[in-house]
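Number of protein chains: 4
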Amino acid sequence: MTNNLLSAETVAAHNTRESCWIIVHGNVYDVTDFLDDHPGGSNIILKYAGKDATEEYDPIHPPNAIMDNLPKEKHLGKVEPGTIVKMAKELTQEEIDREERVKNRPPLSEILNLHDFEAIAKEIMPPKAWAYYSSAADDEITNRENHLAYQRIWFRPRVLRDVTHVDWSTKILGHKTSMPIYITATALGKLGHPEGEVLLTRAAAKHGIIQMIPTLASCSFDDIVNAAQPGQVQFMQLYVNKDRDITKRLVQHAEKRGIKGLFITVDAPQLGRREKDMRMKFEGDADVQVGTAVDRSQGAARAISSFIDPVPIILKGIQCWEDALMALEAKCDGIVLSNHGGRQLDMSRSGIEVLEEVVTKFKERGLWPCPKFEIYIDGGVRRATDVLKAVAMGATAVGIGRPFLYAYSAYGQDGINQALQILKESFDEMEMNMRLLGARTIEEVVPEMVDTRSLCSHSSPPANELYQSNYDKLRRAAIKSKL
Amino acid sequence: MTNNLLSAETVAAHNTRESCWIIVHGNVYDVTDFLDDHPGGSNIILKYAGKDATEEYDPIHPPNAIMDNLPKEKHLGKVEPGTIVKMAKELTQEEIDREERVKNRPPLSEILNLHDFEAIAKEIMPPKAWAYYSSAADDEITNRENHLAYQRIWFRPRVLRDVTHVDWSTKILGHKTSMPIYITATALGKLGHPEGEVLLTRAAAKHGIIQMIPTLASCSFDDIVNAAQPGQVQFMQLYVNKDRDITKRLVQHAEKRGIKGLFITVDAPQLGRREKDMRMKFEGDADVQVGTAVDRSQGAARAISSFIDPVPIILKGIQCWEDALMALEAKCDGIVLSNHGGRQLDMSRSGIEVLEEVVTKFKERGLWPCPKFEIYIDGGVRRATDVLKAVAMGATAVGIGRPFLYAYSAYGQDGINQALQILKESFDEMEMNMRLLGARTIEEVVPEMVDTRSLCSHSSPPANELYQSNYDKLRRAAIKSKL
Amino acid sequence: MTNNLLSAETVAAHNTRESCWIIVHGNVYDVTDFLDDHPGGSNIILKYAGKDATEEYDPIHPPNAIMDNLPKEKHLGKVEPGTIVKMAKELTQEEIDREERVKNRPPLSEILNLHDFEAIAKEIMPPKAWAYYSSAADDEITNRENHLAYQRIWFRPRVLRDVTHVDWSTKILGHKTSMPIYITATALGKLGHPEGEVLLTRAAAKHGIIQMIPTLASCSFDDIVNAAQPGQVQFMQLYVNKDRDITKRLVQHAEKRGIKGLFITVDAPQLGRREKDMRMKFEGDADVQVGTAVDRSQGAARAISSFIDPVPIILKGIQCWEDALMALEAKCDGIVLSNHGGRQLDMSRSGIEVLEEVVTKFKERGLWPCPKFEIYIDGGVRRATDVLKAVAMGATAVGIGRPFLYAYSAYGQDGINQALQILKESFDEMEMNMRLLGARTIEEVVPEMVDTRSLCSHSSPPANELYQSNYDKLRRAAIKSKL
Amino acid sequence: MTNNLLSAETVAAHNTRESCWIIVHGNVYDVTDFLDDHPGGSNIILKYAGKDATEEYDPIHPPNAIMDNLPKEKHLGKVEPGTIVKMAKELTQEEIDREERVKNRPPLSEILNLHDFEAIAKEIMPPKAWAYYSSAADDEITNRENHLAYQRIWFRPRVLRDVTHVDWSTKILGHKTSMPIYITATALGKLGHPEGEVLLTRAAAKHGIIQMIPTLASCSFDDIVNAAQPGQVQFMQLYVNKDRDITKRLVQHAEKRGIKGLFITVDAPQLGRREKDMRMKFEGDADVQVGTAVDRSQGAARAISSFIDPVPIILKGIQCWEDALMALEAKCDGIVLSNHGGRQLDMSRSGIEVLEEVVTKFKERGLWPCPKFEIYIDGGVRRATDVLKAVAMGATAVGIGRPFLYAYSAYGQDGINQALQILKESFDEMEMNMRLLGARTIEEVVPEMVDTRSLCSHSSPPANELYQSNYDKLRRAAIKSKL
């Protein structure tokens, strides 16, 4: 980046397809040659030709996307401070209505559970942001199955135990956590709130749980690490890049910054098709673009372990016992049974269903319990009871993603704090439910406390909404209307 | 309580946070120091500062709550009779509409079943009272499962038996009952009707069934016992208090008053979260508060048996066969398979499902049938056929709670009388259904008369309404509207 | 009956509770003393005091009810012809609308299946008649299960068979029938059409199937027999009367009139409660009364066989294999697996489910196939495919009731003829489906042609509409409306 | 056909039932004697008496229907070019609205999946055409089951495999196909678009897949073959005609034209009843008539193989393992497990369910895998994931029918091209899903990748819409309204 200073007026002259400059974070870029390569199309860039595109750019790109993708010589310099004129933004009626709804949010004290955050977020988030967060693959069957699977598991609570004192803290990879929950990685945190992922960092500190830093965060990795309290444990999600050197640099940097676990995402050799999100784009001109050069050869876990040493490696996205066994044999430190929130292969099974399969098969082979190998699951968790089911069935902890995004999208920092509070503290779900279940500690939440016999029964799968909306119901013979 | 006489005018002067007196049942209390300790908050008390709070106080507190919780010196004396001025109460439109609906209730002769009472109660009860009675834990899955589980049990009726005479009377703990049903304990009976639990006492006498007196009754224990007919059998529900002496006093008093069975509630080491009820409170300022210092160590059954002797002890709230077996081995006289009407741990199984598990496991161990150990269930019963299913599967009797509350909330004493009538008498459900089933006596209602093979199948659990209302259905491509 | 002739004017003077005469079919009866014994209450009679009650009386009483129940001396004589003045009948708006709908019925050619008849009947029948025909016991779970059970049975059709000629005729008790269907007994046929059961008799003749004459017919037994063609086979349904002599007379008369089979109803020791029907009565003042002195001792089959000889005896209403076996051992000629159209014990299983149980158990005991013992089922049949499933599973034939009532209620004689036509003839369901199934004759419809593995799975029972309509769905936190 | 030239005016004079001439494709026919034999009735012909009926005739008749069915002497000659006056056609409001919707179709770029084509086709197709394509037998249970069965099969994806290169091409009967999909035979292609089946031919060429030419095509067999590219592989569907000579001629002609596989339809000894289609006809006067003299003796496969030699023979419509085994033993080259899109025997199982049965039984007998005998399935496929499930379970390829008709009915040639594109190419479903599943080639899509345990569970079958719409829900007691 040169130190040239350019006036906004100068930049403004380059507002055509033939010469197109834009301003992002005070820097001026010549994107003329890049227009046709932009994954989101050229139109959205041309809309900002000669102008400041920061506000549009920010939530939908990784922080350094433009700097990394544009040749150095196209970085023209900095814009003279004070010369930028904000684009007048005319609000549509829909936006005015939405802002009205923002004003009329119920007070946080009326939010009773994680469902409530989602209900509010759905009403007040910009439609594209909502679509990006909530969308899932194909017919979104797996997305809903993730939640519904929990409803096929029933409790077998014990009584007459001394549950005066209940302790739901536990350890993840040896690190203390106030409850068997961690914040899992989700992309583009600024779509829901301008501060993005650091909101989660702060809430995690406040409530003593661990955050997994996403590869596709809106905030930079360092910003998120910097937002942590001294001693706060953070994990890092990793998409293995085709360019092994990039991966190597990322990992070594993470290690240096004190990351305590690497969660290598293995279920996304290609990003899934999310039609709710795709459908949204036809109604406007902006675009959500999160390209990343994923290494589809996926032999990466072994490679990574060669250039880091003490950081535990966990494979995220295992979906059958055979792969779980391979991970164990490859001396990984753990796995996340996950289908990527239903965003990748639709009709994949829920993590909780796979958990039962894995534990059963491991037990048959005398490999379970296995203190050196932790199993996590994510997807569909909404209640402390969901977490307790997973723990009873053998999970060390459960990752929660979307509900936390909805919490801060609806109420900012207070929202995400409150979401964790609801899960944890006095008058909270976790304490109550352990007491009702008859377990004083997480260790006492045992397999006998759940009845999972119907878990694998899929005779009533989630409805295929598209298929059903197309089905033309039979009509019966009808009395003729007279008109 | 001193015998001071205070004029209402004197009391009225203490209407501030600095000096706050209230009148309850003609007694004057100085609650200034208690304001911040009130579980329902200070606002609701301050609303009645210097005034008579009896009407607001009555339905939502156990009778002696204020006397037991306030130091003796704050009991200032009695208010001079005739000096109290009733607060003018302005009715909201909603209340006016509700009173209109009360007037337009269908005559009792049109009430055909227990569902009908609920339908009417829902329309005419004050919303908060309805919310308190009808609410259940979390997503209310267990609450609905309690009923739905019965629909997975089907009859195998026998024919060509002489069913001219059908006798559905039986015995509970050796006491005659006109049918295998008892009135189970439910809290705050005055929310639905100013007379509260004594309505149930009288109906029980009239129809020859047994009432279990609730710990959290709106009427006092003695009032309920006093309302009984000579020889009328009553049981008592017991939350074991942390303070063993209190429990001891309660139990010894109960024994003296002739209570014939102690039902120790073991499934409520902490009161459950009921969101329907919580949600209601945000819309007003009153509060339902039923605090009780529960002994969470729960080792109480044994302790109790040390200071009572002849009174049978039953554990209420057993939810798996392991605990049932422990109760048997501990020489309890019986158990209630119950999940507290779905108000405690959501996703607990229904009592009827647990019943099958318990009987099966007991049979495997040669412990069944077991004349010295009776099993009851409660939750979800609406029809005589539900009762017959439970009896066929091994239950001695079935507890019914909410439906009776709805019956008197809708129609007072006549309502609850009619509810029992519907269940029992000529043209009634019980007689008809035993005849159709081919059973002349309760003993003849045997396991072979039910097909329970689908009972444990949970592939279509009750809908999670909150989750479903948040789910944003996929839309298909659509013809553009022209506007 | 005396031969007195009384003028209508004379009768009209007896129009009070103190002296109440009515005219039925031209005969004058003094019903003053009977008023309080009338099962339908005195009000409805008093409405016709001194008048001609024939029109009201006819559809809801067995033809001789008044003659049989009133002492001879109360039969006062005949009314002078021509003196009766018809009661002016003012039509309500609802009745006017209904007559309009009758006029606008679609032509019969648009009726494609049995569902269509029901759709039209529902629109044009008087509400009370519809309620009586369509109602079933309690929550009507069994009523719907009867139909839904068929949807859990799937076909395994065979191909490449020569199905040029398909013959779906078969024999019932040795009598030829054009298809494996018979018209089962249903009560009060005149509620749907003034001609009543004889419409079925004529259609049965036309299409070569067998009619079972109901005990509670609106037409008299002899009228129905007289309506038959020479050689037309009829069966008779029998509720065994407490008074064995009455039963004996009935049976011997039936034998004399050539009845070819006695179907003794064993599932109705008491008439079931049908709330849809009961609910209807509160909205008017008329009443449907079909009392009959049923012998609840039910030891009658053996008794009957003592005074008839050649007529085969079938027990109608068997619902488990144990009773089926008893019927076989008692040398009955067959059984009908039936739950009385869901009108008796709700939550009974469907006939088709019981069929599988019976055949399986009989096979285990080497008792099946059993040429001397035929099994029929009824309930829920709407399509020829339903019939084929039953036949494949071992049924000799299937009884159909309500759909035929709906057919003639909607379109009279043409309607019921067309219903049978739809089931049978060219372009009809039966031929087509046998061809598609790969069966040329009824004998070729074998167990291997159906997949019944899900038949006994009851994890998704019919909805309990009353329970569901009472359930107060959880609401989520909501944006405040401004108002 | 004579070479007579007749003026349109001459023809126009023959516009009565006594002398009725019509023009089709410029030829004049005397159909007077045929009027009463027309399967669609005489009215629709008389409407065009003396006029040009081509437009009405074309989509609903096989091309040569009139020439083949009318005696030579009734072919009167050709109409003089230029003399025909087009019938003025007045558009109904419904047609005007429909044309408006056609104009407002979303651009093809907004079509994301096969469901979308159906959604658009449903809105813009003429109602009768939509009814003909979408209708299925009886209650359309099987039709919906075909799709829903796929939702009971779940994936078990594998991770950490090198899926950089994914190849989803495979072979069908030795012929290369770009994906394991073929276009199956469907009737009357011109109902949806005037060009009809040749649209499919061209799309198949473009995307390298195989088309099965339907017997009941709107285009002639030769037109469809002529539309193919050099070397393009086509199969032929065959209904075996009663007249073996006709069949022989057809087959020998097909062989000569280079057809590479004969798919003999064995599940349609008679055309099914499709009520949605039948219902439609009552609202107009036109008619869809696709009569063909089917040989119901069905012994034809063997006969056919006697007069063709090198062309592989596949039986289409097998529905149980017994018939599959017979086909194998008869040395057929393959089978299609199909229920004719649910258009024949309702309540038949889905092809995918039968597939599991067949493979299981073949394995038990050591007959599987079987390189010389290929198994295909069709029905209900909407997503690439559906195809992958079938392939994993043993299918060589999957036939898709209706979705392709909807694609071109909605968007013509571009639509069908895009439909295949969506299934296949970059950003497409197939590539993505194989990658996510962890399979690089079709061979790597193995049985272990699917969990089929719930496939045969039918406890929640598709709703019977007609039955449900007739069911009169129970009502509860209600507050009286005041009016």
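Chains as they are written, first to last, in the UniProt record's numbering: chain A, 1 to 483; chain B, 1 to 483; chain C, 1 to 483; chain D, 1 to 483. Cβ atoms here follow ideal geometry from the backbone N, Cα and C, with glycine treated the same way.
Whole-number beta carbon distance between residue j and residue i, since they are thought to touch under 8 Å
i, j, result
"B:Asp323", "A:Val446", "At roughly 14 Å, the Cβ-Cβ gap does not stay under 8 Å, so B:Asp323 and A:Val446 are not in contact."
"C:Phe373", "C:Gly412", "Not quite, the Cβ-Cβ distance comes to about 38 Å (not below 8 Å), so this is no contact."
"B:Ser169", "B:Pro59", "Contact doesn't hold; Cβ gap of about 35 Å is too wide."
"C:Ile442", "C:Pro157", "16 Å between Cβ atoms; not a contact."
"A:Met76", "A:Val28", "Here the sequence assigns Leu to residue 76 of chain A, which means Met is not the residue at that position. With a Cβ gap of about 4 Å, A:Leu76 and A:Val28 count as contacting."
"residue 550 of chain A", "A:Val358", "Here chain A has residues from 1 to 483 only, and residue 550 of chain A is not among them."
"B:Glu275", "A:Leu455", "About 26 Å separates the two Cβ atoms, so there is no contact after all."
"B:Lys260", "B:Gln237", "Contact flag wrong, Cβ pair sits at about 13 Å."
"B:Gly208", "B:Tyr408", "In fact, because the Cβ distance is near 18 Å, the residues do not count as touching under 8 Å."
Residues that residue i bridges to, as DSSP identifies them
i, result
"D:Ala397", "D:Tyr376"
"B:His165", "In DSSP, B:His165 forms no bridge with anything."
"C:Cys20", "C:Asn15"
"C:Thr177", "C:Thr170"
"C:Gln234", "C:Gln211"
Rounded C-alpha distance that separates residue i from residue j
i, j, result
"B:Val294", "B:Leu91", "Residue confidence is low: B:Val294 scores 49 on pLDDT, short of 50, so the model does not pin down where it sits. No coordinate-derived value is stated."
"A:Ile479", "C:Asn417", "20 Å"
"C:Asp30", "C:Cys20", "6 Å"
"C:Ile153", "C:Thr142", "17 Å"
"A:Tyr467", "B:Leu474", "10 Å"
"A:Ala203", "A:Gln232", "11 Å"
CB contact below 9 Å: residue i versus chain E
i, result
"A:Val445", "Among the chains of the structure shown, chain E does not appear; the protein chains present are A, B, C and D."
Local conformation of residue i per DSSP, three classes
i, result
"D:Val354", "helix"
"D:Leu345", "coil"
"B:Asn433", "helix"
"D:Asp222", "helix"
| field | Interfacial residues, the stretch 418-447 of chain C to chain A, with Cβ spacing under 8 Å | value | none
| task | Give the residues from the stretch 447-468 of chain A that approach chain D closer than 7 Å (Cβ to any Cβ), ordered along the chain. | result | Cys456, Ser457, His458, Ser459, Ser460, Pro461, Asn464, Leu466 and Tyr467
| query | For the stretch 121-147 of chain C, which residues have a CB atom closer than 8 Å to at least one CB atom of chain D, in sequence order? | reply | Lys122, Trp130, Ser134, Asp139, Glu140, Arg144 and His147
| According to a CB-to-CB cut-off of less than 7 Å, which residues of the stretch 80-106 of chain D neighbour chain B? | Arg101, Asn104, Arg105 and Pro106
| request: With 9 Å as the limit, tell me which residues of the stretch 147-160 of chain D have their beta carbon closer than that to any beta carbon of chain A; keep them in chain order. | output: His147, Leu148, Tyr150, Gln151, Arg152, Ile153, Trp154, Phe155, Arg156, Pro157, Arg158, Val159 and Leu160
| task | Taking only beta carbons into account, state which residues of the stretch 242-266 of chain D come closer than 8 Å to chain C, listed in chain order. | result | Val266
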